[in-house]
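These notes concern the structure reproduced below.
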Amino acid sequence: MRLRSTLISIALLLMTAGAAHAQCQVGVHAGYAISSTEVTVTGTPFAIDGLGARGQHGGLHANCDVTLPATAGAVRAFAGPWASYAWADEKFTVSPGILTAKMGDQWAIGGRIGVDIQGVRPYVLAGYRH
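Those letters in the sequence shown? Residues 27 to 156, by my numbering.
Right, dumping it as structure tokens:
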């Protein structure tokens with residue numbers, strides 16, 4: 027929670043700088059996973075009937091960047107917060123009854139800071155995922 031407050035404060039501070047501009051993006055993703063594999067090691071009693079996963083997944087993500095005016099030639103600094111939420115109902119199994127696992131929902135928040143050099147934007151990213 028403290029990280030999010032700090033990132034929002036930094037973004038607001040940068041937005042008040044002269045000639046700065048903000049740019050935000052929002053996206054969604056969705057899909058369905060399905061896979062199945064049989065594994066047998068010849069000459070041993072080791073065999074797995076099925077190794078597979080199946081289920082649906084999706085999510086939302088958003089970020090905003092504040093770009094400052096050019097400081098050194100065409101180089102401009104930018105910074106901003108990002109967040110994502112992903113839901114999943116995917117189940118993974120190794121049969122016969124060896125292992126079962128499930129992927130659940132997850133979220134993340136963070137921030138990035140970098141430079142814009144004529145459209146090329148290298149940056150450093152930091153965040154927390156749960």
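Note that CB positions come from ideal geometry on N, CA and C, so glycine has one too.
- The beta carbon of residue 148 is closer than 6 Å to those of 140 in its chain, skipping five residues each way along the sequence.
- Rounded to the nearest angstrom, the Cβ distance from residue 53 to residue 105 is 20 Å, too far for a contact under 8 Å.
- A straight-line Cα-Cα distance of about 4 Å links residue 96 and residue 102.
- Residues 49, 104 and 106 of the same chain have their beta carbon placed closer than 6 Å to that of residue 91, with the five preceding and five following residues left out of the count.
- Annotation: the continuous beta strand (DSSP E) that includes residue 132 extends over 132-143.
- Between residue 47 and residue 85, the beta carbon gap of about 28 Å keeps them out of contact (Cβ cut-off 8 Å).
- Here residue 93 is buried, its C-beta having at least 16 other C-beta atoms within 10 Å.
- At least 9 Å separates the beta-carbon of residue 82 from that of residue 134.
- When rounded, the separation of the alpha-carbon atoms in residue 150 and residue 51 is 18 Å.
- By the criterion of a C-beta distance shorter than 7 Å, residue 154 is surrounded in its chain by 29, 134, 135 and 136, once the five residues flanking it on both sides are discounted.
- The beta carbon of residue 108 lies closer than 6 Å to those of 89 and 136 in the same chain, with the five residues before and after it left out.
- A distance below 6 Å between beta-carbons, with the five flanking residues on each side excluded, links residue 58 to the following residues of its chain, in chain order: 82.
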